[in-house]
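Peer 1: Numbering (UniProt numbering), first residue to last: 1 to 256.
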Amino acid sequence: MPKYAVLGSTGNCGTALLKILMKRPDAHINAYCRDKAKLLCLMPESIDKKDKITIFEGSIHDEKLLGTCMYDCHAVFLVVSTNDNIPGCRLGQDTATTVISALQALNQAPKIVLLSSASLDEHLSRHVPVLLKKVLLRSASFVYEDLVQTERILRKEAAWLTTIFVKPGALSVDIQRGHALSFTEENGPLSYLDLAAGMVEAVDDPDGRYDMRNVCVVNTNGRAKFPWGTPMCILMGLLRHYFPFLHPFLPSTGPA
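This is how it looks when you write it as structure tokens:
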């Protein structure tokens with residue numbers, strides 16, 4: 001029975017991964033989160049499926065905890081993220097650093113899947129209008145810088161650790177419609193469930209076609225609904241970009 005570790009299991013992508021993987025009779029899930037009570041509230045079905053899922057609660061800096069979570073796993077999904085443009089954001093970097101140290105101690109090298117963004121890939125985002133792209137990059141500037149540095153950290157370990165860099169476009173909390181994997185296109189909005197299914201497909205590819213590459217998950221049966229929380233998310237992100245001292249006083253946002 002293959003084991004999958006989901007680091008960041010209370011986020012939209014994390015819960016979608018849990019739902020996709022729980023449908024598979026052959027898979028066991030190790031779900032890491034910072035708040036177990038929150039995860040059980042979001043995923044009450046996990047309470048009745050203790051044979052399918054093991055929950056690990058604690059800090060992303062806890063090397064021993066993450067090592068236990070990732071032990072003997074086929075793949076590790078790095079989806080610890082935030083919808084808010086947090087000044088000085090280091091979620092990705094800190095998680096990747098702890099993961100690498102823990103895996104070195106275990107002497108294991110599961111395949112890593114990092115959730116990134118099409119906005120950081122010039123080719124995937126080539127059809128986005130220039131002005132809109134500038135707005136998007138500024139509205140998530142601190143998060144994107146964290147992702148850029150996280151990718152660099154993981155690519156430096158390519159000699160022994162394989163990573164797949166999944167870079168979707170806009171994301172939406174919606175139903176699963178059908179997906180495909182692409183090296184050249186993005187056509188969001190994409191549902192988190194389709195994103196999760198694509199991430200699992202990429203990491204399970206027997207030929208390793210997506211290893212160490214940027215790959216986008218695209219819709220195949222119509223786009224997901226427009227994420228109406230996105231305009232507010234962009235506005236709050238721009239305020240945090242230009243006036244980072246306002247961060248503690250601004251509301252948290254999301255794409256739903």
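All C-beta atoms, glycine included, are put in the ideal place defined by N, C-alpha and C.
#1: Per DSSP, what kind of secondary structure is CYS73 in: helix, strand or coil?
#2: Leaving out five residues before and five after LEU193 in sequence, what residues of the same chain have Cβ atoms less than 8 Å from its Cβ?
#3: With three or more beta-carbon pairs closer than 8 Å as the criterion, would you say the stretch 234-253 touches the stretch 213-224?
#4: Run the CB neighbour count on PRO129, radius 10 Å, all protein chains shown included, and call it buried at 16 or more, exposed below.
#5: Is it buried or exposed for LYS49, if we count other Cβ within 10 angstroms and need 16 for buried?
#6: Does the contact criterion of 3 or more C-beta pairs under 8 Å hold for the stretch 143-155 versus the stretch 88-105?
#7: If you draw a straight line from the C-alpha of ILE112 to the C-alpha of ILE53, how long is it?
#8: In whole angstroms, what is the alpha-carbon distance linking HIS123 and MET199?
#9: Please identify the residue among SER81, LEU246, ARG209 and ASP84 whose C-alpha is closest to the C-alpha of THR163.
#10: I'd like to know whether the C-beta atoms of LYS133 and SER172 end up nearer to each other than 7 Å.
#11: Comparing alpha-carbon positions, which option in LEU42, ASP72 and ASN12 lies nearest LYS1?
Peer 2: In short:
#1: In the three-state scheme derived from DSSP, where H, G and I count as helix and E and B as strand, CYS73 is classed as coil.
#2: The answer, listed in chain order, is ALA16, LYS19, ILE20, ASP174, ILE175 and GLN176.
#3: Under the three-pair Cβ rule at 8 Å, the stretch 234-253 does not count as touching the stretch 213-224.
#4: The Cβ neighbour count for PRO129, taken over all protein chains shown within 10 Å, is under 16; the residue is labelled exposed.
#5: Exposure of LYS49 is indicated by the presence of fewer than 16 other C-beta atoms within 10 angstroms of its C-beta.
#6: Result yes; three or more Cβ-Cβ pairs closer than 8 Å.
#7: C-alpha separation (whole angstroms): 19 Å.
#8: Using only the alpha carbons, I get a separation of about 20 Å.
#9: Of the listed residues, the one whose Cα sits closest to THR163 is ARG209.
#10: Not closer than 7 Å, so no.
#11: One point to set straight first is that residue 1 is Met, not Lys, in the sequence displayed. Minimum Cα distance to MET1 is reached at ASP72.
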